[in-house]
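Trainee: Per full-length UniProt numbering, the very first residue in the sequence shown carries number 1; after that it's consecutive. A virtual CB, placed ideally from N, CA and C, is assigned to each residue, including glycine. Please read these numbers as outputs of a predicted model, since none were measured by experiment. Dumping the structure here so I can ask a few things about it.
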Amino acid sequence: MRELRVETEHPYTVHIGQGAVKLLVKHYRDLLAAADQVVVIADSQVAELHLPQLLGALEDFQPKVFRVPAGEGAKSAESFMDCHSFLLSENCSRNTVILAFGGGAVGDLAGFVASTFMRGVPFIQVPTTILAHDSAVGGKTAINHPLGKNMIGTFYQPRAVIYDSDFLQTLPENEIRSGMAEVIKHAFISNEGWLDELMAYQDFSTMSGQELEGHLEKGIAVKSAIVEEDEFEGGVRKFLNFGHTLAHAIEAHLGYGKLTHGEAVVLGMAYALELSESPELPRFLNWTKVNGYPITLLVNMPFDELLPYMKKDKKSTAAALNFVLLGAVGRPYIETIPEQRAQAAYDKLRKTIKEMI
Ligand SMILES: NC(=O)c1ccc[n+]([C@@H]2O[C@H](COP(=O)([O-])OP(=O)(O)OC[C@H]3O[C@@H](n4cnc5c(N)ncnc54)[C@H](O)[C@@H]3O)[C@@H](O)[C@H]2O)c1
Ligand SMILES: [Zn+2]
Numbered sequence: 001m002r003e004l005r006v007e008t009e010h011p012y013t014v015h016i017g018q019g020a021v022k023l024l025v026k027h028y029r030d031l032l033a034a035a036d037q038v039v040v041i042a043d044s045q046v047a048e049l050h051l052p053q054l055l056g057a058l059e060d061f062q063p064k065v066f067r068v069p070a071g072e073g074a075k076s077a078e079s080f081m082d083c084h085s086f087l088l089s090e091n092c093s094r095n096t097v098i099l100a101f102g103g104g105a106v107g108d109l110a111g112f113v114a115s116t117f118m119r120g121v122p123f124i125q126v127p128t129t130i131l132a133h134d135s136a137v138g139g140k141t142a143i144n145h146p147l148g149k150n151m152i153g154t155f156y157q158p159r160a161v162i163y164d165s166d167f168l169q170t171l172p173e174n175e176i177r178s179g180m181a182e183v184i185k186h187a188f189i190s191n192e193g194w195l196d197e198l199m200a201y202q203d204f205s206t207m208s209g210q211e212l213e214g215h216l217e218k219g220i221a222v223k224s225a226i227v228e229e230d231e232f233e234g235g236v237r238k239f240l241n242f243g244h245t246l247a248h249a250i251e252a253h254l255g256y257g258k259l260t261h262g263e264a265v266v267l268g269m270a271y272a273l274e275l276s277e278s279p280e281l282p283r284f285l286n287w288t289k290v291n292g293y294p295i296t297l298l299v300n301m302p303f304d305e306l307l308p309y310m311k312k313d314k315k316s317t318a319a320a321l322n323f324v325l326l327g328a329v330g331r332p333y334i335e336t337i338p339e340q341r342a343q344a345a346y347d348k349l350r351k352t353i354k355e356m357i
C-alpha cells in the first residue's frame, strides 16, 4: 500500500493500492463511529459495478447511499439540491460523514455538498478513476453553471483519500486516456525523466497495475506539493491548469460530457506547447495519435467559437488571455497572450495536425 500525506491547513493521507477500501475501518474507525450517519454519494454507474465492495468494507456502519447521475451530469445545481434534500430527509446533522464514491465529477459534487451542508461536514474521497488522482486531492469542489464549468464551488479538503486500484479495472478505454492525460500533465510541469517514461507508452493496456499505481503516486505527489505551497491558488497552483484554458473552452463549446475532461486537456496541452514554442510538441502530438486521443477535433473547431469561453476562464481578466506555458519540462510559467497571437498559434497548430493525419 502506498501512502502520501498532504500537508494543507487540515492535513490528510492518501492511501493507494489494491484493497485500500479496507483501510476505511482500519484507519478511520473513530471518525466513522463518531458520525450519527455515514452517507455515500455515489456515481450511479460506479454503484452498479462496485458498491457491494465498498459497503462490505464499511462493515457495521450501515451507510445510506444516494445515487447521482453518472459522470458530469452529477455536477448540476439540481443534483446538488437533490443531495441536500436526501441528507435532510434522512435527518443528517453536523455529525454526518459523507463519502464520495466515483470519479472526479462525483468527488467535486460530494465535496461541495459536504462543504455546504450545515456549513460543513467531514468527507472522504473514494475515487474510482485514474483522473481522480488529480481531482480527489487538493480540496477544490465545484458544480457547473450553464454559463461555465466549475463556476460554483469551494476549497474544502477531504479527511482522507482512499484510492483502491481494484476499482480502476472496469474503466473504459476513453476514461483511461482521460486519466493518463492528467498524469502526463503532472509530468510536464515537474519531471523530464518521468515524462519520457510516459511518452514511451504506445498503448496503455500494456501498463501493469504496479506501474499505474506508481504513476498515480507520482502525480499525487506533484499535485500535493503544489497545493501545500499554495492551497487557495494565489500563485503556483495555477500551474496545475496547464492545458486547461483551451480544454475548458472546448468542453463548454461541445457541451459538457461530450468529450472526456482529460481528452480535452490533451488538446489544450498541445496548444499550450505550441504557444510555448516548445520542442516537445512533435513528440507529444505523435504520442496523442498512437494512443488514440481525438486530437484531430481541433481541425474543425474555429478559434472564434472558443475565444468567448477562454475569456471567461477564471485565470483570465476581461481584456487578456492568460495561459500556463512551459519554459522547459518542469518549468511552467504564466503568460498573458494578446488575442491575435493566440489565434495565430491556434491556426498554426491546426495546420500541423492536418498535415499529420
Ligand atoms: N477538483 C479538482 O481539482 C479537479 C481536478 C481535475 C478534474 N476535476 C473534475 O473531474 C471531473 C472529471 O472526472 P473523471 O474524469 O473522473 O470523470 P467522471 O467522474 O465524469 O467519470 C467518468 C465516467 O466514468 C465512469 N466511471 C467512473 N469510475 C468508473 C469505474 N471504476 N469503472 C467504470 N466506469 C467508471 C463514470 O460513471 C462516468 O461515466 C470533471 O468534472 C473535472 O472538472 C476536478
Ligand atoms: Zn483537469
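Reducing DSSP to helix, strand and coil, say where D159 ends up.
Mentor: Correcting the residue type first, residue 159 is Arg in the shown sequence and not Asp. R159: coil per DSSP, three-state reduction.
Trainee: Using DSSP with H/G/I as helix, E/B as strand and the rest coil, what is E3?
Mentor: strand
Trainee: Roughly how far, in whole angstroms, is the beta-carbon of N95 from the beta-carbon of A35, given that I think they are within contact range, below 8 Å?
Mentor: Between A35 and N95 the Cβ distance is about 6 Å, and since that is below 8 Å, they are a contact.
Trainee: Go through the UniProt domain "3-dehydroquinate synthase N-terminal" (67-177) residue by residue and report every complete run of the beta strand (DSSP E) that reaches 3 residues or more, in order.
Mentor: 97-102, 123-127, 140-145, 148-155, 160-164
Trainee: Between F123 and ligand 1, is the CB less than 8 Å from at least one heavy atom?
Mentor: no
Trainee: On the CB-based measure, 16 or more other CB atoms within 10 Å of its CB, does F123 come out buried or exposed?
Mentor: buried
Trainee: Do F284 and L273 have their CB atoms nearer than 9 Å?
Mentor: yes
Trainee: Considering only residues of the same chain and omitting the five flanking positions on each side of residue 433, which have a CB-CB separation below 8 Å?
Mentor: The question about residue 433 has no answer, for the chain in this structure spans 1 to 357.
Trainee: Give the secondary structure of L326 by DSSP, where H, G and I count as helix, E and B as strand, and everything else as coil.
Mentor: strand
Trainee: The beta strand (DSSP E) spanning P332 covers which residue range?
Mentor: 332-337
Trainee: Would you kindly report the start and end of the unbroken alpha helix (DSSP H) that includes T13?
Mentor: Taken as a continuous stretch (DSSP letters only), T13 belongs to no alpha helix (DSSP H), being part of the beta strand (DSSP E) at 12-17.
Trainee: Does ligand 1 have even one heavy atom less than 8 Å from the beta-carbon of G56?
Mentor: no
Trainee: Under three-state DSSP, which class holds L58?
Mentor: coil
Trainee: Can you give the Cα-Cα distance for R350 and I143, rounded to whole angstroms?
Mentor: 32 Å
Trainee: My output table needs one value for L259: the three-state DSSP class, helix, strand or coil.
Mentor: coil
Trainee: Of all the options S205, T206, A181, which has the alpha carbon lying nearest to the alpha carbon of L195?
Mentor: The residue from S205, T206, A181 with its alpha-carbon nearest to that of L195 is A181.
Trainee: Kindly give me the distance between the Cβ atoms of P158 and G111, rounded to whole angstroms, as I take these residues to be in contact under 8 Å.
Mentor: 7 Å
Trainee: Between S89, A249, K311, A328, which has its C-alpha nearest A320's C-alpha?
Mentor: K311
Trainee: Taking the beta carbon of A200 as the centre, do at least 16 other beta carbons fall within 10 Å, making it buried, or is it exposed?
Mentor: By the Cβ-count criterion, A200 is exposed, with fewer than 16 other Cβ atoms from all chains shown falling within 10 Å of its own Cβ.
Trainee: Quick test of your reading: A77 and V65, contact by CB under 8 Å. State the CB separation rounded to the nearest angstrom.
Mentor: At roughly 22 Å, the Cβ-Cβ gap does not stay under 8 Å, so A77 and V65 are not in contact.
Trainee: List the whole-angstrom C-beta distance separating S79 from V97, where the pair is believed to meet the contact cut-off of C-beta under 8 Å.
Mentor: In fact, because the Cβ distance is near 20 Å, the residues do not count as touching under 8 Å.
Trainee: Residues in its own chain within less than 7 Å of E213 by CB, not counting five upstream and five downstream?
Mentor: Within the same chain, Cβ atoms closer than 7 Å to the Cβ of E213 are found at R2, I16, G17, S165, the five residues on either side in sequence being excluded.
Trainee: Using three-state DSSP, classify I353 as helix, strand or coil.
Mentor: helix
Trainee: Looking at the structure shown, is A47 part of a helix, part of a strand, or coil, going by DSSP?
Mentor: In this structure, A47 counts as helix in the three-state DSSP scheme.
Trainee: Would you grab the beta carbon distance between A74 and L51 for me? Rounded to a whole angstrom, and I think it's under 8 Å.
Mentor: Actually they do not touch by this definition, with Cβ atoms about 15 Å apart.
Trainee: In the DSSP output, which residue or residues are listed as bridge partners for K64?
Mentor: V39
Trainee: Ignore the nearest five residues each way along the sequence and tell me which others in S93's own chain have a CB closer than 7 Å to its CB.
Mentor: D36, M118
Trainee: Excluding the 5 residues flanking E7 on each side, which residues of the same chain have their C-beta closer than 7 Å to its C-beta?
Mentor: E228
Trainee: Is E182 near ligand 3 - that is, is its Cβ less than 8 Å away from at least one heavy atom of it?
Mentor: Ligand 3 is absent from the structure shown, which contains only ligand 1 and ligand 2.
Trainee: If you draw a straight line from the alpha carbon of A249 to that of V40, how long is it in whole angstroms?
Mentor: 32 Å
Trainee: Got a sec? Which residues, its chain only, sit under 7 Å from K354 by beta carbon, not counting five neighbours each side?
Mentor: V299
Trainee: Consider the C-beta atom of K185 and the heavy atoms of ligand 2; say whether any pair is separated by less than 8 Å.
Mentor: yes
Trainee: Might you give, ordered along the chain, the residues of its own chain that have their beta carbon closer than 8 Å to the beta carbon of K290, omitting 5 neighbours on each side?
Mentor: The question names Lys, yet the displayed sequence has Val at residue 290. These residues qualify, in order along the chain: Q202, D203.
Trainee: Let's see if you can read the secondary structure: which residues bound the alpha helix (DSSP H) around Y201?
Mentor: Premise fails: Y201 is in no alpha helix (DSSP H) and is neither H nor E.
Trainee: Does the Cβ of A70 lie closer than 8 Å to at least one heavy atom of ligand 1?
Mentor: Because some heavy atom of ligand 1 lies under 8 Å away, the Cβ of A70 counts as near it: yes.
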